[in-house]
Amino acid sequence: MNLRDLHYLVSLAEHRHFGRAAEACFVSQPTLSTQIKKLEDELGVALVERTPRKVLLTEVGRDIANRAREVLNEIEQIKGIARRTVDPESGTVRLGIFPTLGPYLLPHVVPMVRERFPRLELLLVEEKTEVVLHRLREGKLDAGVLALPIHDDSLHAEFLFEEPFMLAVPQSHPLAKRTQLKLSDLSDQSLLLLEDGHCLRDQALEVCHMAGAGEKSGFRATSLETLRQMVASNVGITLLPTLAVKPPVAQAPNLQFVEFGGHPPSRRVAMVWRKSSAMSGFLKQLADIFKSLPKDLLDPHTVNAVPAKRRRVM
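Now the structure itself:
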(Lines of atoms letter the chains of each structure in order from A and count residues from 1; the text may use other names and numbers.)
(Lines give C-alpha, C1' and ligand atoms only; values in the text may rest on other atoms or scores of the structure.)
Protein backbone atom coordinates (compact mmCIF):
# COMPACT_ATOMS: atom_id res chain seq x y z
CA MET A 1 0.00 0.00 0.00
CA ASN A 2 1.33 3.45 -0.86
CA LEU A 3 0.09 7.03 -0.81
CA ARG A 4 -0.44 7.05 -4.56
CA ASP A 5 -2.93 4.18 -4.34
CA LEU A 6 -4.77 5.93 -1.50
CA HIS A 7 -4.96 9.04 -3.65
CA TYR A 8 -6.48 6.99 -6.48
CA LEU A 9 -9.09 5.55 -4.11
CA VAL A 10 -10.06 8.95 -2.73
CA SER A 11 -10.37 10.35 -6.24
CA LEU A 12 -12.58 7.43 -7.26
CA ALA A 13 -14.76 7.98 -4.19
CA GLU A 14 -15.23 11.62 -5.16
CA HIS A 15 -15.83 11.20 -8.89
CA ARG A 16 -17.63 7.80 -8.91
CA HIS A 17 -16.20 7.25 -12.39
CA PHE A 18 -12.91 5.60 -13.39
CA GLY A 19 -12.31 7.93 -16.33
CA ARG A 20 -12.90 11.17 -14.43
CA ALA A 21 -10.95 9.91 -11.40
CA ALA A 22 -8.02 8.98 -13.64
CA GLU A 23 -8.13 12.39 -15.33
CA ALA A 24 -8.08 14.10 -11.94
CA CYS A 25 -5.03 12.03 -10.97
CA PHE A 26 -3.28 12.65 -14.32
CA VAL A 27 -3.01 8.95 -15.15
CA SER A 28 -4.67 6.66 -17.67
CA GLN A 29 -7.89 4.87 -16.76
CA PRO A 30 -6.28 1.39 -17.04
CA THR A 31 -3.51 2.50 -14.66
CA LEU A 32 -5.95 3.71 -12.02
CA SER A 33 -8.17 0.62 -12.40
CA THR A 34 -5.16 -1.70 -12.07
CA GLN A 35 -3.90 0.03 -8.93
CA ILE A 36 -7.36 -0.07 -7.31
CA LYS A 37 -7.51 -3.82 -8.05
CA LYS A 38 -4.04 -4.32 -6.52
CA LEU A 39 -5.19 -2.41 -3.41
CA GLU A 40 -8.23 -4.68 -3.15
CA ASP A 41 -6.01 -7.76 -3.45
CA GLU A 42 -3.64 -6.45 -0.78
CA LEU A 43 -6.47 -5.69 1.65
CA GLY A 44 -8.45 -8.80 0.78
CA VAL A 45 -11.74 -6.91 0.41
CA ALA A 46 -13.79 -5.48 -2.43
CA LEU A 47 -13.61 -1.70 -2.39
CA VAL A 48 -15.62 -1.00 -5.53
CA GLU A 49 -18.80 -2.28 -7.16
CA ARG A 50 -18.25 -2.06 -10.91
CA THR A 51 -21.51 -1.52 -12.83
CA PRO A 52 -21.96 -0.68 -16.53
CA ARG A 53 -23.04 2.91 -15.89
CA LYS A 54 -21.33 4.02 -12.67
CA VAL A 55 -18.95 3.08 -9.92
CA LEU A 56 -20.17 2.48 -6.38
CA LEU A 57 -17.94 2.02 -3.36
CA THR A 58 -18.76 -0.84 -1.04
CA GLU A 59 -19.42 -0.04 2.60
CA VAL A 60 -15.87 -1.01 3.56
CA GLY A 61 -14.64 0.89 0.50
CA ARG A 62 -16.30 4.08 1.76
CA ASP A 63 -14.83 3.59 5.24
CA ILE A 64 -11.33 3.04 3.86
CA ALA A 65 -11.65 6.00 1.47
CA ASN A 66 -12.58 8.23 4.42
CA ARG A 67 -9.55 7.01 6.36
CA ALA A 68 -7.37 7.45 3.29
CA ARG A 69 -8.56 11.04 2.95
CA GLU A 70 -7.51 11.69 6.55
CA VAL A 71 -4.09 10.12 5.91
CA LEU A 72 -3.52 12.27 2.82
CA ASN A 73 -4.58 15.36 4.74
CA GLU A 74 -2.08 14.54 7.49
CA ILE A 75 0.65 14.18 4.86
CA GLU A 76 -0.17 17.67 3.59
CA GLN A 77 0.04 18.91 7.18
CA ILE A 78 3.53 17.41 7.50
CA LYS A 79 4.61 19.09 4.27
CA GLY A 80 3.13 22.35 5.52
CA ILE A 81 5.12 22.15 8.76
CA ALA A 82 8.31 21.63 6.78
CA ARG A 83 7.60 24.52 4.39
CA ARG A 84 6.79 26.95 7.15
CA THR A 85 9.85 25.94 9.14
CA VAL A 86 11.98 27.01 6.19
CA ASP A 87 9.93 30.15 5.42
CA PRO A 88 7.07 30.85 7.87
CA GLU A 89 5.46 33.51 5.67
CA SER A 90 5.45 31.71 2.32
CA GLY A 91 3.56 28.78 0.85
CA THR A 92 -0.11 28.50 -0.04
CA VAL A 93 -3.28 29.13 1.97
CA ARG A 94 -6.58 27.84 0.59
CA LEU A 95 -9.27 30.11 2.00
CA GLY A 96 -13.02 29.63 1.59
CA ILE A 97 -15.49 32.47 1.89
CA PHE A 98 -19.26 32.70 1.39
CA PRO A 99 -20.74 34.61 -1.60
CA THR A 100 -22.57 37.37 0.30
CA LEU A 101 -19.28 38.47 1.89
CA GLY A 102 -16.44 37.62 -0.49
CA PRO A 103 -16.93 40.23 -3.25
CA TYR A 104 -17.37 43.03 -0.71
CA LEU A 105 -14.68 42.14 1.85
CA LEU A 106 -11.84 40.85 -0.33
CA PRO A 107 -11.08 44.12 -2.21
CA HIS A 108 -10.28 45.67 1.17
CA VAL A 109 -8.37 42.74 2.68
CA VAL A 110 -6.37 41.16 -0.16
CA PRO A 111 -4.09 44.20 -0.69
CA MET A 112 -3.34 44.19 3.04
CA VAL A 113 -2.48 40.46 2.91
CA ARG A 114 -0.20 40.98 -0.09
CA GLU A 115 1.60 43.80 1.66
CA ARG A 116 2.10 41.84 4.88
CA PHE A 117 2.90 38.46 3.25
CA PRO A 118 4.31 39.18 -0.23
CA ARG A 119 5.47 35.58 -0.74
CA LEU A 120 2.16 34.03 0.25
CA GLU A 121 -0.04 32.41 -2.40
CA LEU A 122 -3.64 33.02 -1.32
CA LEU A 123 -6.08 30.74 -3.14
CA LEU A 124 -9.67 31.94 -2.68
CA VAL A 125 -12.72 29.70 -2.99
CA GLU A 126 -16.19 31.27 -2.94
CA GLU A 127 -18.89 28.79 -1.88
CA LYS A 128 -21.91 28.62 0.37
CA THR A 129 -21.22 27.99 4.04
CA GLU A 130 -22.00 24.26 4.07
CA VAL A 131 -19.68 23.63 1.13
CA VAL A 132 -16.86 25.59 2.79
CA LEU A 133 -17.33 23.61 6.02
CA HIS A 134 -17.37 20.29 4.14
CA ARG A 135 -14.15 21.10 2.26
CA LEU A 136 -12.55 22.39 5.45
CA ARG A 137 -13.28 19.15 7.32
CA GLU A 138 -11.92 17.10 4.39
CA GLY A 139 -8.69 19.12 4.29
CA LYS A 140 -9.42 20.66 0.89
CA LEU A 141 -9.36 24.12 2.48
CA ASP A 142 -7.01 25.46 5.14
CA ALA A 143 -9.47 27.99 6.57
CA GLY A 144 -12.81 29.63 5.95
CA VAL A 145 -14.26 33.06 6.60
CA LEU A 146 -17.80 32.33 7.79
CA ALA A 147 -20.68 33.80 9.77
CA LEU A 148 -21.12 32.63 13.34
CA PRO A 149 -22.28 30.47 14.96
CA ILE A 150 -20.37 27.40 13.75
CA HIS A 151 -21.39 24.23 15.57
CA ASP A 152 -18.36 21.95 15.22
CA ASP A 153 -16.06 21.09 18.12
CA SER A 154 -13.24 20.11 15.73
CA LEU A 155 -12.99 23.67 14.39
CA HIS A 156 -11.48 26.79 15.93
CA ALA A 157 -13.37 30.04 15.25
CA GLU A 158 -11.39 33.28 15.50
CA PHE A 159 -13.80 36.24 15.71
CA LEU A 160 -13.00 38.94 13.13
CA PHE A 161 -15.72 41.61 13.15
CA GLU A 162 -19.41 42.35 13.46
CA GLU A 163 -21.12 43.70 10.34
CA PRO A 164 -24.38 45.67 10.75
CA PHE A 165 -27.27 45.34 8.30
CA MET A 166 -28.97 48.25 6.58
CA LEU A 167 -32.42 48.44 5.05
CA ALA A 168 -32.38 48.99 1.28
CA VAL A 169 -35.53 50.68 -0.05
CA PRO A 170 -36.57 52.48 -3.26
CA GLN A 171 -36.27 56.25 -2.93
CA SER A 172 -40.06 56.56 -3.18
CA HIS A 173 -40.67 54.23 -0.23
CA PRO A 174 -42.04 55.85 2.98
CA LEU A 175 -39.13 54.48 5.03
CA ALA A 176 -36.61 56.16 2.70
CA LYS A 177 -37.27 59.45 4.47
CA ARG A 178 -36.23 58.07 7.85
CA THR A 179 -32.76 58.78 9.21
CA GLN A 180 -32.86 55.75 11.54
CA LEU A 181 -35.09 52.76 12.07
CA LYS A 182 -36.22 50.53 14.89
CA LEU A 183 -36.86 46.86 14.27
CA SER A 184 -40.52 47.49 15.04
CA ASP A 185 -40.69 49.73 11.96
CA LEU A 186 -40.51 46.56 9.86
CA SER A 187 -43.47 44.90 11.57
CA ASP A 188 -45.85 45.46 8.64
CA GLN A 189 -43.26 44.93 5.88
CA SER A 190 -42.48 41.99 3.58
CA LEU A 191 -38.81 41.66 2.67
CA LEU A 192 -37.11 40.26 -0.41
CA LEU A 193 -34.75 37.46 0.65
CA LEU A 194 -32.13 35.13 -0.83
CA GLU A 195 -32.80 31.54 -1.80
CA ASP A 196 -32.18 28.60 0.54
CA GLY A 197 -28.56 27.71 1.27
CA HIS A 198 -27.32 31.25 1.90
CA CYS A 199 -26.50 31.96 5.53
CA LEU A 200 -27.64 35.54 4.95
CA ARG A 201 -31.15 34.22 4.30
CA ASP A 202 -31.19 32.61 7.75
CA GLN A 203 -29.87 35.80 9.34
CA ALA A 204 -32.48 37.93 7.56
CA LEU A 205 -35.26 35.54 8.57
CA GLU A 206 -34.13 35.87 12.18
CA VAL A 207 -34.36 39.67 11.89
CA CYS A 208 -37.83 39.33 10.33
CA HIS A 209 -38.89 37.10 13.20
CA MET A 210 -37.67 39.60 15.81
CA ALA A 211 -39.32 42.51 13.97
CA GLY A 212 -42.56 40.74 13.17
CA ALA A 213 -41.90 41.18 9.45
CA GLY A 214 -42.50 38.65 6.67
CA GLU A 215 -40.95 37.42 3.44
CA LYS A 216 -42.24 38.66 0.11
CA SER A 217 -43.74 35.63 -1.59
CA GLY A 218 -43.07 34.49 -5.14
CA PHE A 219 -39.43 35.56 -5.33
CA ARG A 220 -36.09 34.43 -3.92
CA ALA A 221 -32.85 35.94 -5.15
CA THR A 222 -29.70 34.04 -6.09
CA SER A 223 -27.34 36.87 -5.07
CA LEU A 224 -27.13 40.19 -3.28
CA GLU A 225 -26.79 41.93 -6.63
CA THR A 226 -30.15 40.52 -7.70
CA LEU A 227 -31.69 41.80 -4.46
CA ARG A 228 -30.16 45.21 -5.06
CA GLN A 229 -31.60 45.45 -8.57
CA MET A 230 -35.04 44.25 -7.47
CA VAL A 231 -35.19 46.96 -4.82
CA ALA A 232 -34.05 49.58 -7.35
CA SER A 233 -36.90 48.40 -9.61
CA ASN A 234 -39.48 49.08 -6.87
CA VAL A 235 -40.23 45.38 -6.36
CA GLY A 236 -39.68 45.52 -2.60
CA ILE A 237 -37.24 46.17 0.22
CA THR A 238 -34.46 44.06 1.73
CA LEU A 239 -31.62 43.89 4.25
CA LEU A 240 -28.07 44.35 2.98
CA PRO A 241 -24.79 44.00 4.91
CA THR A 242 -22.87 47.25 5.33
CA LEU A 243 -19.86 46.14 3.28
CA ALA A 244 -22.18 45.43 0.35
CA VAL A 245 -23.18 49.09 0.12
CA LYS A 246 -19.71 50.63 0.49
CA PRO A 247 -17.31 51.61 -2.33
CA PRO A 248 -15.95 50.13 -4.53
CA VAL A 249 -19.39 48.51 -4.93
CA ALA A 250 -21.32 50.24 -7.72
CA GLN A 251 -24.82 51.24 -6.65
CA ALA A 252 -27.94 51.14 -8.76
CA PRO A 253 -30.01 54.34 -9.01
CA ASN A 254 -33.24 54.73 -7.04
CA LEU A 255 -31.74 53.13 -3.92
CA GLN A 256 -31.79 54.51 -0.40
CA PHE A 257 -30.07 52.83 2.55
CA VAL A 258 -31.47 53.41 6.02
CA GLU A 259 -29.54 52.48 9.14
CA PHE A 260 -30.94 51.02 12.35
CA GLY A 261 -30.57 52.91 15.60
CA GLY A 262 -29.29 51.45 18.86
CA HIS A 263 -27.73 48.05 18.44
CA PRO A 264 -28.55 47.26 14.79
CA PRO A 265 -29.18 43.75 13.45
CA SER A 266 -25.86 42.33 12.31
CA ARG A 267 -23.82 39.25 11.51
CA ARG A 268 -20.68 38.13 13.32
CA VAL A 269 -17.86 36.93 11.06
CA ALA A 270 -15.00 34.62 12.03
CA MET A 271 -12.07 32.83 10.46
CA VAL A 272 -12.43 29.10 11.02
CA TRP A 273 -9.84 26.34 10.79
CA ARG A 274 -9.28 22.81 12.06
CA LYS A 275 -7.97 22.71 15.62
CA SER A 276 -5.49 20.05 14.47
CA SER A 277 -4.12 22.26 11.69
CA ALA A 278 -0.35 22.66 11.54
CA MET A 279 -0.99 26.18 10.22
CA SER A 280 -2.80 27.45 13.31
CA GLY A 281 -0.10 29.93 14.27
CA PHE A 282 0.09 31.42 10.80
CA LEU A 283 -3.70 31.48 10.37
CA LYS A 284 -3.94 33.51 13.58
CA GLN A 285 -1.61 36.09 11.98
CA LEU A 286 -3.75 36.06 8.84
CA ALA A 287 -6.89 36.57 10.93
CA ASP A 288 -5.28 39.59 12.58
CA ILE A 289 -5.14 41.29 9.16
CA PHE A 290 -8.88 40.76 8.71
CA LYS A 291 -9.41 42.25 12.17
CA SER A 292 -7.53 45.43 11.21
CA LEU A 293 -10.11 46.72 8.71
CA PRO A 294 -10.72 50.47 8.98
CA LYS A 295 -13.61 50.97 11.39
CA ASP A 296 -15.54 53.23 9.02
CA LEU A 297 -15.92 50.30 6.59
CA LEU A 298 -18.26 48.66 9.07
CA ASP A 299 -20.00 51.87 10.10
CA PRO A 300 -23.43 52.20 8.43
CA HIS A 301 -23.58 55.89 9.36
CA THR A 302 -20.89 56.70 6.76
CA VAL A 303 -23.09 55.32 3.96
CA ASN A 304 -25.58 58.15 4.36
CA ALA A 305 -22.72 60.62 4.67
CA VAL A 306 -22.10 60.13 0.93
CA PRO A 307 -24.20 62.54 -1.18
CA ALA A 308 -27.06 60.85 -3.04
CA LYS A 309 -25.87 61.97 -6.49
CA ARG A 310 -22.48 60.48 -5.87
CA ARG A 311 -24.02 57.22 -4.67
CA ARG A 312 -25.94 56.89 -7.92
CA VAL A 313 -22.89 57.14 -10.17
CA MET A 314 -20.37 55.07 -8.20
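In terms of full-length UniProt numbering, the sequence shown has 108 at position 108, counting the first letter as 1, and numbering is strictly consecutive. C-beta: ideal position from N, C-alpha, C; glycine also.
DSSP places Glu89 in the coil class of the three-state scheme, outside both helix and strand. Secondary structure of Lys128 (DSSP, three-state): coil.
With respect to Val145, Leu95 sits close: the two C-beta atoms are nearer than 8 angstroms. Taken in chain order, the complete beta strand (DSSP E) segments of 3 residues or longer contained in the stretch 237–305 are 238–241, 255–260 and 266–274. Annotated as proximal: Ala65 and Leu57, with beta-carbon spacing under 8 angstroms. A direct Cα-Cα distance of roughly 45 angstroms separates Thr51 from Val269. Assignment of His156 by DSSP, reduced to helix, strand and coil, places it in the strand class. Val55 has Arg50 as its beta-bridge partners, per DSSP. With the rule of 3 Cβ pairs closer than 8 angstroms, the stretch 106–122 counts as touching the stretch 289–296.
According to DSSP, Leu120 shares a beta bridge with Gly91. Boundaries for Lys216: no alpha helix (DSSP H) harbours it, while the beta strand (DSSP E) harbouring it runs Gly214 to Ala221, taken from the DSSP string.
The residue among Asp196, Arg228, Pro164 and Leu175 with its C-alpha nearest the C-alpha of Leu243 is Pro164.
Annotated as distal: Ala211 and Ser190, with beta-carbon spacing of 8 angstroms or more. For Val272, the CB contacts under 6 angstroms within the same chain, skipping 5 residues up- and downstream, are Gly144, Leu146, Ile150, Leu155 and Ala157 in chain order. Cβ atoms of Ala278 and Gln77 come within 8 angstroms of each other, at about 4 angstroms. Using a 10 angstroms sphere on the CB of Val60, the tally of other CB atoms stays under 16, which defines it as exposed. Contact check for Gln35 against Asp5 passes: the beta carbons are separated by less than 8 angstroms.
When Ala250, Ile75 and Gln203 are compared, the shortest CA-CA separation from Gln229 is found for Ala250. Cβ-Cβ separation between Glu259 and His301: approximately 6 angstroms, consistent with a contact (criterion under 8 angstroms). The Cβ atoms of Leu205 and Ala232 lie no closer than 8 angstroms to each other. Its Cα nearest to that of Phe282, the residue Phe117 stands out among Leu192, Lys182 and Phe117. Met166 and Lys140 have their alpha carbons spaced roughly 34 angstroms apart. Distance from the CA of Leu298 to the CA of Glu162, rounded to the nearest whole angstrom, comes to 8 angstroms. A direct Cα-to-Cα measurement between His7 and Glu130 gives close to 24 angstroms. Ala46 sits exposed, since fewer than 16 C-beta atoms from the chains shown fall within 10 Å of its C-beta. Here DSSP, grouped into helix, strand and coil, assigns Pro99 to coil. Of the candidates His108, Phe98 and Glu121, Phe98 places its Cα closest to the Cα of Leu133.
Residue pairing by DSSP places Met166 opposite Leu240 in a beta bridge. Around the beta carbon of His209, fewer than 16 other beta carbons lie within 10 angstroms, which makes this residue exposed. For Ala204, the enclosing alpha helix (DSSP H) has its first and last residue at Cys199 to Ala211. Between Leu200 and Pro265, the CB-CB gap reaches or exceeds 8 angstroms.
The alpha-carbon of Glu121 is positioned some 15 angstroms away from that of Gln285.
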